[in-house]
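Chains as they are written, first to last, in my numbering: chain C, 1 to 440; chain E, 1001 to 1440.
For reference, the structure discussed in these notes is given below.
Protein chains: 2
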Amino acid sequence: MNIPTKNKTVRQSRAERSAGNGNAVCRRRKEEKMIKIAVLGYGTVGSGVVEVIEKNKELVNKKAGEELEVTYILDLLDFPDDPYGDRVVHDFDRILADDQVKIICETMGGVGKAYEFTAKALEAGKSVCTSNKELVAAHGPELIRLAHTHNCNYLFEASVGGGIPIIRPLNYSLTAERIQAITGILNGTTNYILSKMEYEGADYDTVLKEAQEKGYAERNPEADVEGYDACRKIAILSSLMTGKNVDYRKIYTEGITGVGPRDFEYAKKLDMSIKLLAVSKEAGEKTLAMVSPFLIDSAHPLHMVNGVFNAVFVRGNMLGDSMYYGRGAGKLPTASAVVSDVIDCARHIGKVIMCFWDQEEAELLDIDSVRRRFFFRVKSQALDTVREVFGNDILEVQLDGVPEECGIVTSVMSEADFAECHKKISDAAIGRRLRMEAVE
Amino acid sequence: MNIPTKNKTVRQSRAERSAGNGNAVCRRRKEEKMIKIAVLGYGTVGSGVVEVIEKNKELVNKKAGEELEVTYILDLLDFPDDPYGDRVVHDFDRILADDQVKIICETMGGVGKAYEFTAKALEAGKSVCTSNKELVAAHGPELIRLAHTHNCNYLFEASVGGGIPIIRPLNYSLTAERIQAITGILNGTTNYILSKMEYEGADYDTVLKEAQEKGYAERNPEADVEGYDACRKIAILSSLMTGKNVDYRKIYTEGITGVGPRDFEYAKKLDMSIKLLAVSKEAGEKTLAMVSPFLIDSAHPLHMVNGVFNAVFVRGNMLGDSMYYGRGAGKLPTASAVVSDVIDCARHIGKVIMCFWDQEEAELLDIDSVRRRFFFRVKSQALDTVREVFGNDILEVQLDGVPEECGIVTSVMSEADFAECHKKISDAAIGRRLRMEAVE
Chain C
1 MNIPTKNKTV RQSRAERSAG NGNAVCRRRK EEKMIKIAVL GYGTVGSGVV
51 EVIEKNKELV NKKAGEELEV TYILDLLDFP DDPYGDRVVH DFDRILADDQ
101 VKIICETMGG VGKAYEFTAK ALEAGKSVCT SNKELVAAHG PELIRLAHTH
151 NCNYLFEASV GGGIPIIRPL NYSLTAERIQ AITGILNGTT NYILSKMEYE
201 GADYDTVLKE AQEKGYAERN PEADVEGYDA CRKIAILSSL MTGKNVDYRK
251 IYTEGITGVG PRDFEYAKKL DMSIKLLAVS KEAGEKTLAM VSPFLIDSAH
301 PLHMVNGVFN AVFVRGNMLG DSMYYGRGAG KLPTASAVVS DVIDCARHIG
351 KVIMCFWDQE EAELLDIDSV RRRFFFRVKS QALDTVREVF GNDILEVQLD
401 GVPEECGIVT SVMSEADFAE CHKKISDAAI GRRLRMEAVE
Chain E
1001 MNIPTKNKTV RQSRAERSAG NGNAVCRRRK EEKMIKIAVL GYGTVGSGVV
1051 EVIEKNKELV NKKAGEELEV TYILDLLDFP DDPYGDRVVH DFDRILADDQ
1101 VKIICETMGG VGKAYEFTAK ALEAGKSVCT SNKELVAAHG PELIRLAHTH
1151 NCNYLFEASV GGGIPIIRPL NYSLTAERIQ AITGILNGTT NYILSKMEYE
1201 GADYDTVLKE AQEKGYAERN PEADVEGYDA CRKIAILSSL MTGKNVDYRK
1251 IYTEGITGVG PRDFEYAKKL DMSIKLLAVS KEAGEKTLAM VSPFLIDSAH
1301 PLHMVNGVFN AVFVRGNMLG DSMYYGRGAG KLPTASAVVS DVIDCARHIG
1351 KVIMCFWDQE EAELLDIDSV RRRFFFRVKS QALDTVREVF GNDILEVQLD
1401 GVPEECGIVT SVMSEADFAE CHKKISDAAI GRRLRMEAVE
């Protein structure tokens, strides 16, 4: 199970030296009081994990109740100039074979190797803490069950909302609540792009390019801008909300492409903003889960969540509304969440931390029946037809100096009815339609 | 240890019947799988606790891992028409003597009896969950230690921020963070009053009277409007931030009296709002803790926290800023937080839940040395003197149609220097001065 090594620096690593030196009794005593940790993947988040444990060492050890030591770092590369370079190994089996490694941070990303290593670690009774939303969304309940079978834990605070504590509040704090709805701004890249468009009037392509230059957006931005990232995150939150498994592949997902500066002009006139929302709502026995850009009212607490910040808005049947706000991405915030999981695992060595996420599939509501208001733009000459098709309850919004078009806010109608009506006026429609999220 | 009974209905309560009937083997088996709970004080929060446990029964039991039953309700009164009336007892010793009672909810308030009962419960190994911020602020570290000595827990999620999960996020989630600052809107009554003044231009007395009529403010509103309530809450948060004990009696506290509609006109002109903030900040080896009305910028996330909502803004050295928002008071939100503590206790019977709040006293910074901007109003004819005293870096704010006075924003200066300068122009000053909290 060697992973290919790009840079085969052949020197004895600290981990290797330690394995071959069994004589130092005093050192061994110290190690017995120490929890060894392995980090899989020494990229942005992985190196952040090492940095957080080092920088806040005293405090982290105090909170964990034991001294934590990053003993192994698994990566394809060597890092000879890194202060932790001597801990780098290339063979996962080395980590698996070390009984003193109790906690593994999986910060590799992806599903292939990450899945394989996670499953093997859990089978060996080693807890795994991850920032890997793809893997959690795809195999969460299976890995949680595997962990519990082997008296260890699979924790994933960093997989949603970066540094915002949200998984633990749902699992440990809102325990007396029936969660009725979760609405999140869960992707920093798209929120940055939309905020820039809103406050600077810039167009989508310009802002995306700037975001790529600043490192806020990937060179291939599809996972962010098409909503796939937010989709996986809301699948995780939905699953915790329902206690069943919400399959991310079945969540209706629309991205932000096609949202333009003109849309923000209408939004402003309506005292609203446009945000990519990931939504999960109780709908009788079913669950409504979707990702889409929405117009939201300025009175909604999510309205003020700008730039790279994320937030999760939760409605419970006793508490009512609460919101969790913070940095949804970034090296140290995400790493801090991983380390909070490490501390939780350290406090619970050999004990299972409760997490209700069954493998039973949650039934999702077909969005066709969901009722709300919609917004769209039309050529002004088609207004009579629009009134005929959508009825007289529509709100017509006229921008100053733009007589050739008009914004329309529909009355409350189902997705299916809207689609049918909108098709009838499609020749006169300009741009894309938007959904509206009201303050209830 | 009988507490006086106002209404001595003499009838055998369910609890009494149960005590005298040891024959039903099948029932006893069931009880062995059940955790008995006692609620002390059947007022707003206490009856809310019973309601939450009843309404969300299935879910609460699932999360607790055991069936929870409210077996005793301690109160001065009887509640013959209440569905739980048969569980009411008047003698705390009855509860203490029942070994099956593992968890006690202290929702009495105050320090006298509540302190006595809590200490006795913990000494008997019964965990206590409380909404009583007075008692937690006054005896927190002592009671936590007492609990841990007896392998049980003293939890107080509901004592700060009502239903907002904040104690648990600080203790369990932000464990990898060195918390550098906590800024909270922690009192719903004052926030309601200030929001009403801001959005309706109403004056303080009118709004206070309305708040009293709606039940948002007490008949004697001193504890809220003078900041005493917020002071106890920030003492608790400060203590968790520092790990030491922050004595609430030593926290500099100013209330909202004297803030008038005119102040809000200036605030609006400055694109700011006025909020009663409870602040705790790292200041070298010391801690700055204070409660005071502040002008805050519209870009600050706390700016949008209106009405009875509360929020806690936390700055950590890795995560940066995060915020926790929700209902800071109210029967069900507060009760939901108490029940989340009950569930936590149920999951940890016989085990200590870590909480770092030592009895060692935290050293507080004398606020005289704290530097910030200030805002005050003066008669226009005194402007020359003001410029002389405060220098040329001041910002002068003129309201339309109010030529007789002027608002002044000072440069950054210490509290002591400001006080000295402000004294020099006191004859020309109008109203009270306000502190300014900047977005850093």
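Don't be surprised by glycine CBs; every beta carbon is placed ideally from N, CA and C.
- Annotation: C:Lys275 is outside any alpha helix (DSSP H); the continuous beta strand (DSSP E) that includes it extends over 272-283.
- At a beta-carbon threshold of 9 Å, the residues of chain C lying near E:Arg1327 are Leu319, Gly320, Asp321, Ser322, ordered along the chain.
- Within chain C, the C-beta atoms nearer than 7 Å to that of E:Ile1343 come from Thr175, Ala176, in chain order.
- In the three-state scheme derived from DSSP, where H, G and I count as helix and E and B as strand, C:Arg219 is classed as coil.
- E:Val1070 places its beta carbon less than 8 Å from that of E:Val1039.
- At a cut-off of 8 Å between beta carbons, C:Val259 makes no contact with chain E.
- Against chain E, the beta carbon of C:Arg168 has neighbours under 8 Å at Arg1168, Pro1169, Tyr1172, Ser1173, listed in chain order.
- Residue pairing from DSSP places E:Cys1406 in a beta bridge opposite E:Val1378.
- Residue burial is scored here from C-beta neighbours: C:Ala230 has at least 16 other C-beta atoms within 10 angstroms and is therefore classed as buried.
- Nearest C-alpha to E:Val1370 among E:Val1402, E:Lys1281, E:His1148: E:Lys1281.
- Residues of the same chain with a CB within less than 8 Å of the CB of E:Ala1346, apart from the 5 flanking positions on each side, are Ile1035, Ala1064, Gly1065, Glu1066, Leu1068, Lys1102, Ile1103 in chain order.
- C:Ser340 reaches chain E at Tyr1172, Ser1173, Leu1174, Thr1175, Ala1176, Glu1177, counting residues in chain order whose Cβ is nearer than 9 Å.
- Straight-line spacing of the CA atoms in E:Lys1055 and E:Ile1343 works out to 15 Å.
- Note on geometry: alpha-carbon atoms of C:Ala121 and C:Leu135 lie some 15 Å from one another.
- Per DSSP, E:Gly1316 is not a residue of any alpha helix (DSSP H); the beta strand (DSSP E) it occupies stretches across 1309-1316.
- Under the Cβ criterion (8 Å, minimum of three pairs), the stretch 1316-1335 of chain E counts as touching the stretch 1158-1171 of chain E.
- Using a CB distance cut-off of 8 Å, E:Ser1336 counts as an interface residue toward chain C.
- Against chain E, a Cβ distance below 7 Å from C:Leu59 picks out Arg1178.
- In the DSSP assignment, C:Lys113 falls within the unbroken alpha helix (DSSP H) covering 112-123.
- When 8 Å is used as the limit between beta carbons, E:Arg1347 is near these residues of chain C: Met354, in chain order.
- Assignment of C:Asn245 by DSSP, reduced to helix, strand and coil, places it in the strand class.
- If you look at C:Ser159, you'll find it isn't in any beta strand (DSSP E); DSSP assigns it neither H nor E.
- Taking 4 residues as the minimum length, the alpha helix (DSSP H) runs contained wholly in the stretch 1410-1435 of chain E are 1415-1424, in order along the chain.
- The CB of E:Ile1164 comes closer than 7 Å to the CB of Ser322 in chain C, given here in chain order.
- Of the candidates C:Ile256, C:Lys424, C:Asn245, the residue whose Cα lies closest to the Cα of C:Ser195 is C:Ile256.
- By the criterion of a C-beta distance shorter than 7 Å, E:Asp1263 is surrounded in its chain by Ile1274, Gly1431, Leu1434, once the five residues flanking it on both sides are discounted.
- Assigned with DSSP and collapsed to three states, C:Ser131 falls in coil, not helix or strand.
- When only Cα atoms are considered, E:Thr1242 and E:Ala1289 end up about 11 Å apart.
- Bounds of the alpha helix (DSSP H) holding E:Gly1046 are 1044-1055.
- The alpha-carbon of E:Tyr1228 is positioned some 52 Å away from that of C:Arg249.
- Sorting E:Ala1419, E:Leu1240, E:Met1304 by C-alpha distance to the C-alpha of E:Asp1271 places E:Met1304 at the top.
- C:Met304 belongs to the set of residues whose beta carbon lies under 8 Å from a beta carbon in chain E.
- According to DSSP, C:Arg327 shares a beta bridge with C:Phe309.
- For E:Asp1368, the CB contacts under 7 Å within the same chain, skipping 5 residues up- and downstream, are Ser1414, Glu1415, Ala1416 in chain order.
- When the five nearest sequence neighbours on each side are left out, the beta carbons in the same chain lying within less than 6 Å of the beta carbon of C:Val45 are those of Thr107, Ser131, Thr334, Ala335, in order along the chain.
- With a 10 Å radius around the Cβ and a threshold of 16 neighbouring Cβ atoms, C:Asn392 comes out exposed.
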